[in-house]
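Encoded as structure tokens, the structure appears first; notes follow it.
Numbering (the numbering used here), first residue to last: 7 to 193.
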């Protein structure tokens, strides 16, 4: 049975971001993927916790798709996590609603891969900045999947951007078509 994928998309101005717009468009086109744009759904940040939890329950793979903003995620995604992933639902003794589901971070960064390296400007790889997401997955008893990164978004020409979008499509399709036991988990 295909995996049901929920893409939680968080970008306050994706129309000004060629990379995020391209990845968003790809996610919308993949059969079996639900794209949920948090800024469109909640421009006032008044998140409907029950509705969001119900949405999570209907999916097997949860994708957090966003740009890196100051080494983290956009504000609405943090707000969403704080409210929706509550004790007794997502974690804690009785909080098993997400247990066994998978989590993927799909992240864009304006900085190059070199800039996000040990000798680069940021001194850390993008994976280091996703450790809070990995910890969240573990706390919620979810499988943490190897992240999908797009570096140097400001430098990508049309062909390079198309290749990145195609790679994201392939990743989503592979997740959709994989049996849960076959999904690769990162350390």
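Beta carbons: idealized from backbone N, C-alpha and C, even for Gly.
Under the three-state reduction of DSSP, which class applies to residue i: helix, strand or coil?
i, result
"residue 18", "coil"
"residue 141", "helix"
"residue 76", "coil"
"residue 82", "helix"
"residue 102", "coil"
"residue 32", "helix"
"residue 159", "helix"
"residue 149", "strand"
"residue 87", "helix"
Beta-carbon within less than 6 Å of residue i's beta-carbon, same chain only, minus the 5 sequence neighbours each way: which residues are those?
i, result
"residue 112", "69, 71 and 154"
"residue 97", "145 and 146"
"residue 177", "154"
"residue 67", "9, 11, 108 and 181"
"residue 16", "44, 72, 80, 82 and 83"
At what residues does the beta strand (DSSP E) containing residue i begin and finish?
i, result
"residue 55", "Segment 55 to 63 is the alpha helix (DSSP H) holding residue 55; no beta strand (DSSP E) there."
"residue 194", "Nothing can be reported for residue 194: it is not among the residues displayed for the chain, which extend from 7 to 193."
"residue 108", "108 to 114"
Apart from the five residues on each side of it in sequence, which residues of its chain come closer than 8 Å, Cβ to Cβ, to residue i?
i, result
"residue 132", "74, 113, 115, 122, 153, 155 and 157"
"residue 106", "147, 148, 149 and 186"
Start and end of the alpha helix (DSSP H) containing residue i?
i, result
"residue 133", "132 to 135"
"residue 4", "The chain is shown only over 7 to 193; residue 4 falls outside these bounds and no answer can be derived."
Which value, in whole angstroms, describes the spacing of the CA atoms of residue i and residue j?
i, j, result
"residue 108", "residue 90", "16 Å"
"residue 43", "residue 127", "31 Å"
"residue 40", "residue 61", "9 Å"
"residue 161", "residue 103", "41 Å"
"residue 20", "residue 58", "21 Å"
"residue 54", "residue 164", "37 Å"
"residue 56", "residue 22", "31 Å"
"residue 78", "residue 13", "18 Å"
"residue 134", "residue 35", "30 Å"
What does a CB cutoff of less than 7 Å around residue i pick up in its chain, not counting 5 residues either side in sequence?
i, result
"residue 51", "82 and 85"
"residue 174", "29, 32, 112 and 154"
"residue 101", "93, 94 and 95"
"residue 183", "8"
Answer with yes or no whether the minimum CB distance from residue i to chain C is below 8 Å.
i, result
"residue 140", "Absent here is chain C; the protein component of the structure consists of one chain."
Exercise for the section: Could you tell me whether the segment 79 to 92 touches the segment 117 to 125, using the rule of 3 or more Cβ pairs below 8 Å? Expected result: no
Practice task
Would you be able to state if there are at least three C-beta pairs under 8 Å between the segment 137 to 144 and the segment 167 to 175?
Solution key: no
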